[in-house]
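Residue numbers (UniProt numbering): 1 to 535.
Some notes on the structure that comes next.
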């Protein structure tokens, strides 16, 4: 007896709790017996294991112990004046977890791939290809029941034989099992003592259905490697059985058997949380195999992408024309393509695009009979005049590198060509100069030295031109400096346009205590305002 409390001061009612061992004395077979009544044993008895029984083995032992304490003999039968049973199920002082229970009860080795060299050798692991026995016999030291009493086989009592099914990885086998009635359970419960078949690699679930360790370990392997749900595994094994003319068990039966089997596997408690123990207060799991039913969902459970009343509003629109040189009209776009073709050395493409550009932007010319060089000069002059208004620094650089009278060498001219092709391309300026690169370019503008120029490694086309000029002339030409200033201004303009309406960056989240994660989120997903068009 570990608890004695007076609950009724008027009539002298007391509450006593007893911890009673089972038949075989195992620690996990102990039961909590509660007595509520008078000090003389006149009251009601309840057992935490056999809740429907009013005079089970545990109650008999507790009654006997109380009689020895009181110095009297309490009858094993219910007394005439016993308090009426309330009908409520016993609530143990410690909350018990529901545990799948099988006839097999001895510890089972984990799969070979999950075993450690330091694991104790509980028994000789049977070979998976071993023949399944036709008879599963009872032995005095290898037998048990699924009830809480765990009664052992008595050779002096009668035993019976019944047909059973052993499920393997490739099909089931019909066999015979020896059984003996449990001496502690009423006959109407049909509880039998069955053989412990651990040594032959078979798991005895309920004396009727047996599973090989190989089959149950196969699901453990699939779950550990690919999070296979029970339904999917049962379906895949069922297809193997179907091909051999057999039928596999259902999802519920296999799930119960596997949990009962996994409970017996000897893992040396090395997976227990050192801080929370066996029963942590809160458990977080994924939704692949342990998902709960939809009926358990509450209205307060919402995804993190849900928009709430506290959601910040992000008024953002796409930036129109983020190119270095924003040419918007149809004639300008055609002229841009003609100039890019000129830079790439495609004279045929230059001539065809120039003809279209002349009609759209009124460039003028002498007609299609001009030579290739005349066509190039016309495109160069037209494009230079057009961009002089938008980007004068680019126009000056273009005239210096490719214009009439240009005296730069061929290698440097190719470097200028690559740089100009990137500046006039139909691409965003941020692809060439992002926010971090802009800071380095601004540093070079403040102090245009070779050392600062080396920081422009993220703009290789510009870096090669600057290095070439420095090697030839020893300084940065004025048109290159003006080009860098213009690039800084244009890149900053595009960046500011993209940041328009951008929300401030959230501060770094800090854990101020172990309970912070229990609190509701302090922010919600930002809401974007839809805008018509892009501009």
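For glycine and all other residues, C-beta sits at the position ideal for the given N, C-alpha and C.
The shortest CA-to-CA distance from residue 246 to any of 466, 166, 4 is the one to 166. Within the region 191-263, the runs of alpha helix (DSSP H) that reach at least 4 residues and sit entirely inside it are, in chain order, 213-226, 230-243.
In this structure, the beta-carbon distance from residue 485 to residue 424 does not fall below 8 Å. DSSP, read as helix, strand or coil, puts residue 109 in coil. In its chain, beyond the 5 residues on either side, 176, 178 have a beta carbon closer than 6 Å to the beta carbon of residue 161. Using a Cβ-Cβ distance cut-off of 8 Å, the region 228-243 and the region 184-191 are not in contact, since fewer than three pairs of beta carbons, one from each stretch, lie closer than that value.
Between residue 164 and residue 207, the gap from beta carbon to beta carbon is short of 8 Å. Residue 240 has its alpha-carbon roughly 7 Å from the corresponding atom of residue 170. If you draw a straight line from the Cα of residue 212 to the Cα of residue 129, it is about 11 Å long.
Remark: C-beta atoms of residue 443 and residue 455 approach each other more closely than 8 Å. Counting only residues of its own chain and dropping the five nearest sequence neighbours on each side, residue 3 has a CB closer than 6 Å to the CB of 17. Among the bridge pairs identified by DSSP, residue 323 is matched with 428. Judged by DSSP secondary structure, residue 341 falls outside any beta strand (DSSP E) and instead within the alpha helix (DSSP H) spanning 330-343. In the pairwise beta carbon analysis, the region 254-263 is classified as not touching the region 149-158: fewer than three pairs are separated by under 8 Å. Per the coordinates, the alpha-carbon of residue 266 lies some 6 Å from the alpha-carbon of residue 108. Between residue 263 and residue 195, the C-beta gap is not smaller than 8 Å, which leaves the two residues out of contact. If you look at residue 123, you'll find it isn't in any beta strand (DSSP E); DSSP assigns it neither H nor E. Where residue 413 is concerned, the enclosing alpha helix (DSSP H) starts and stops at 410-423.
Looking at the backbone, the Cα of residue 437 and that of residue 460 are separated by about 11 Å.
The alpha-carbon separation between residue 480 and residue 418 amounts to approximately 14 Å. If you check the CB distance, residue 441 and residue 420 do not come in under 8 Å. For residue 47, the three-state secondary structure derived from DSSP is strand.
The shortest C-alpha to C-alpha distance from residue 105 to any of 132, 215, 124, 144 is the one to 144. Contact annotation: residue 335 and residue 386 have beta-carbon atoms nearer than 8 Å. Taking all protein chains shown into account, residue 168 has 16 or more neighbouring C-beta atoms within 10 Å of its C-beta and is therefore buried. Between residue 102 and residue 260 the beta-carbon gap is near 4 Å, inside 8 Å, which marks them as a contact. Within a 10 Å sphere around the beta-carbon of residue 123 sit fewer than 16 other beta-carbons, which makes this residue exposed.
For the options 432, 119, 15, 324, the alpha carbon positioned closest to that of residue 33 is the one of 15. Close CB contacts of residue 119 within its chain, under the 8 Å cut and outside five residues either way in sequence, are with 109, 110, 266, 268 (chain order). DSSP, reduced to helix, strand and coil, places residue 454 within a helical segment of the structure shown. For residue 4, DSSP records a beta bridge to 16. Measuring C-alpha to C-alpha distances from residue 242 to each of 172, 121, 53 identifies 172 as the nearest. Distance between residue 51 and residue 216, taken at the CA atoms: about 32 Å. Out of 219, 220, 197, 218, the CA that lies nearest to the CA of residue 209 is found in 197. Judged by DSSP secondary structure, residue 179 falls within the beta strand (DSSP E) whose first and last residues are 172-181.
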